[in-house]
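Visitor: Chains as they are written, first to last, in this note's numbering: chain A, 1187 to 1514; chain B, 499 to 656. I'd like to ask some things about the structure below.
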Amino acid sequence: MTLTAFVIITIIKTVIVLIAVLTACAYATWLERKLIGHIQHRIGPNLAGPYGLLQPIADAIKLAFKEDFVPDRVEKVTYSLAPLVAFIPALLTFAVIPFGDQVEILGYRIDLVISDLNIGILFIFAVTSLGVYGIVLAGWSSGSKYSLLGGVRSSAQMISYEIAYGLSLVGVLVIAQTFSLKELVEQQSNFFDWYIFRQPLGFVLFVICAIAETNRAPFDLPEAESELVAGYHTEYSSLRFAMFFIGEYANMIAAASVVTTIFLGGWQGPVLPPVLWFMIKVFLFMAFYVWIRGTLPRFRYDQLMNFGWKVLFPLALVNVLITAFIFR
Amino acid sequence: MAFDFIKTVLIAFPKGFYTSIKHIFKKPVTIQYPRVKRDMFPRYRGKHYLEVYDDGTERCVCCGLCAAACPADAIYMEPGENEKGERFARIYEINLLRCIFCGFCEEACPEEAIFLGHEYEFSDDNRDSFIYTKEQMLTNRPREKPFKKIIRQVRRIF
């Protein structure tokens, strides 16, 4: 494959993935509103288009035409930078996620992954942790106490979870002997080889930490709307607010994709094409996210700290130990 | 503490998750308001209407009992006399902004002429349109409900 072909193919893949992810973000909001609505005996959006399917477009248009209001006391540079810092890392994660098997188009063998890094998992950890800076910076630069509290909470939450987040995957890495997500998926071609069966405790810990990492209920302390107005994005409006929102949903989809890739066999599955299997698994995990939000109340601040340090962290360590002894 | 935690995770969590997924499949209670209207309760007290006899003459004789019973002082009336020498209300106005929809007028009326209907959508943006005249009240009569039945209902209540 020549360099030109490589560049062109990569650009095409990137554009397709970006469009797909942004559309998925828009429809994740729809899915969430619909599911939460039905959990609460409501209908959810149903006026814009059939089953309210045009609602995300209506929301986007509404947000785009809102006034971009900047309060007086903000730190201008950081204030305008923060949404980007929250938004871009969320999209970066998709660079290493394999969406499907190798396909052959026009004589080129193309991997359905933008770039198969040999340190893929480390890359994901590095990039997803960056997202929290957007929240902290937004909270700090807004010049509002609610935003500041949201940002502080977010950083405290990140410190409590990041360790367990990393440790919960060590078990998988010990077994897999690789950091590459593509190889991880290839190892799970057999249904019972899925890492959810080989690492059940690791899976549970990772899912909990992923939810905390993406600031979703029951760990949505940074934007606790009943306590902090809207948390870190209180002072944001228009497209900047939209950017936080898309960032949050992109983060959710990224976390769902990571869990799918590492624990649920990625694109592996019978009959249906691999890309479809990947989408189905991600969709189911997104529905699970919403299900959790519809079920559990928000953790209190001290409960969260206790849970992170006294439960998740020791359990992750135990998991690493057990795995190390078994797969010596 | 550890036992409580295990109990929460193994019993309370699955219970909660089961409850929320169970409710997804129940019928939503939402009423799609402007398109679908709620069936009002028979005793609901909405906008007033004046009842007539079967031949179309008004039942109201302008006795003033409703105005006397009205705690909000919302009813204004002036009597008149028709060609047969019978008394009737020449002017009968209810100020809907003063009215508290208590239903005392309906209760006080000896001729069973005034009733509170089921209509509840009468917002407007100027005060004058809330003066509710006799002509409006006569046209506001619900057609579908037999008059006798309503009287029986009202009498049963009070």
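Every residue, glycine too, gets a C-beta built ideally from N, C-alpha and C. Computed from a predicted model, the values in this text were never measured in an experiment.
Just to check my reading of the structure: A/Asp1254 and A/Arg1426 have Cβ atoms closer than 8 Å, yes? What is that Cβ distance to the nearest angstrom?
Guide: That belief holds up - the Cβ atoms of A/Asp1254 and A/Arg1426 are roughly 7 Å apart, short of 8 Å.
Visitor: Does any CB atom of chain A fall closer than 8 Å to the CB of B/Pro716?
Guide: Because chain B spans 499 through 656 in this model, residue 716 of chain B falls outside it and cannot be assessed.
Visitor: Over the uninterrupted alpha helix (DSSP H) stretch that includes A/Gln1373, give me the two end residues.
Guide: 1367 to 1373
Visitor: Name the DSSP bridge partner or partners of A/Arg1295?
Guide: The bridge partners DSSP lists for A/Arg1295 are A/Glu1290.
Visitor: Give the secondary structure of B/Leu595 by DSSP, where H, G and I count as helix, E and B as strand, and everything else as coil.
Guide: DSSP, reduced to helix, strand and coil, places B/Leu595 outside both helices and strands of the structure shown, so it counts as coil.
Visitor: Rounded C-beta distance between A/Ala1398 and A/Arg1484? I'm assuming under 8 Å.
Guide: Not a contact, Cβ separation roughly 12 Å.
Visitor: Tell me the DSSP secondary structure of B/Phe602 in three-state form.
Guide: helix
Visitor: Find the nearest neighbour of A/Ala1246 within the set A/Leu1267, A/Val1271, A/Thr1215, judged by alpha-carbon distance.
Guide: Nearest option by C-alpha distance: A/Thr1215.
Visitor: Since I believe A/Ser1423 is in contact with A/Lys1252 (beta carbons under 8 Å), could you give me their beta-carbon distance rounded to a whole number of angstroms?
Guide: 6 Å
Visitor: Within a Cβ cutoff of 6 Å, which residues of the same chain sit near A/Phe1389, ignoring the five residues on either side of it in sequence?
Guide: Setting aside the 5 residues that flank it on each side, A/Phe1389 is surrounded in the same chain by Ile1382, Phe1449, each with a C-beta closer than 6 Å to its C-beta; the list follows chain order.
Visitor: Could you tell me the distance, in whole angstroms, from the CA atom of A/Phe1309 to the CA atom of B/Tyr516?
Guide: If you take the alpha carbons of A/Phe1309 and B/Tyr516, they lie about 36 Å apart.
Visitor: Suppose you measure from the CA of A/Ala1416 to the CA of A/Gly1325; what does that come to, to the nearest Å?
Guide: Rounded to whole angstroms, A/Ala1416 to A/Gly1325 spans 11 Å at the Cα level.
Visitor: Taking 8 Å as the threshold (beta carbon to beta carbon), is B/Phe501 in contact with chain A?
Guide: no
Visitor: B/Glu549: which of B/Glu579, B/Lys524, B/Thr506, B/Val559 sits nearest, CA to CA?
Guide: B/Val559
Visitor: Please classify A/Gly1452 as buried or exposed, where buried requires at least 16 other C-beta atoms within 10 Å of its C-beta.
Guide: buried
Visitor: If you follow the beta strand (DSSP E) that B/Met575 is in, where does it begin and where does it stop?
Guide: 573 to 579
Visitor: Under 7 Å Cβ-Cβ, which residues of chain B neighbour A/Gly1235?
Guide: Per Cβ cutoff of 7 Å: no residues; A/Gly1235 is ~16 Å from chain B at best.
Visitor: Taking one C-beta from the segment 1462 to 1471 of chain A and one from the segment 1349 to 1369 of chain A each time, how about it: are there three or more such pairs within less than 8 Å?
Guide: no
Visitor: With H, G and I counted as helix, E and B as strand and the rest as coil, what does DSSP make of B/Ala587?
Guide: strand
Visitor: Give me the chain A residues within the contact set of B/Ile519, using Cβ-Cβ distance strictly less than 7 Å, ordered along the chain.
Guide: Trp1477
Visitor: Report the residue from B/Tyr618, B/Ile598, B/Leu594, B/Arg557 whose alpha carbon sits nearest the alpha carbon of B/Glu610.
Guide: The residue with the shortest Cα to Cα distance from B/Glu610 is B/Arg557.
Visitor: Note down, one range per segment and in chain order, each beta strand (DSSP E) of at least 3 residues found wholly within the segment 507 to 580 of chain B.
Guide: 546 to 548, 573 to 579
Visitor: Would you call the CB atoms of A/Arg1384 and A/Ile1349 closer than 8 Å?
Guide: no
Visitor: What is the residue span of the alpha helix (DSSP H) that A/Phe1285 lies within?
Guide: Unbroken run through A/Phe1285: none, as it is neither H nor E.
Visitor: Which chain A residues are close to B/Ile573, counting only those with a beta carbon under 7 Å from its beta carbon?
Guide: Within 7 Å Cβ-Cβ: nothing; B/Ile573 doesn't reach chain A, min ~41 Å.
Visitor: Less than 8 Å separating the beta-carbons of B/Gly615 and B/Pro640?
Guide: yes
Visitor: Any idea if A/Thr1509 is buried or exposed, counting beta-carbon neighbours within 10 angstroms, 16 or more meaning buried?
Guide: buried
Visitor: What does the Cβ neighbour count give for B/Asn580, buried or exposed, with the cut at 16 atoms within 10 Å?
Guide: Using a 10 angstroms sphere on the CB of B/Asn580, the tally of other CB atoms stays under 16, which defines it as exposed.
Visitor: Enumerate in chain order the residues of its own chain whose CB-to-CB distance from A/Val1203 is below 7 Å, with the five nearest sequence positions on each side excluded.
Guide: Phe1280, Ile1300
Visitor: Using a Cβ-Cβ cut-off of 7 Å (strictly less than) and excluding sequence neighbours within five positions of A/Phe1499, which residues of its own chain qualify?
Guide: Ile1349, Ala1350
Visitor: Would A/Ala1436 and A/Ala1276 qualify as a contact pair, given that the criterion is a beta-carbon distance under 8 Å?
Guide: Yes, they are a contact pair.
Visitor: Is it buried or exposed for B/Tyr551, if we count other Cβ within 10 angstroms and need 16 for buried?
Guide: exposed
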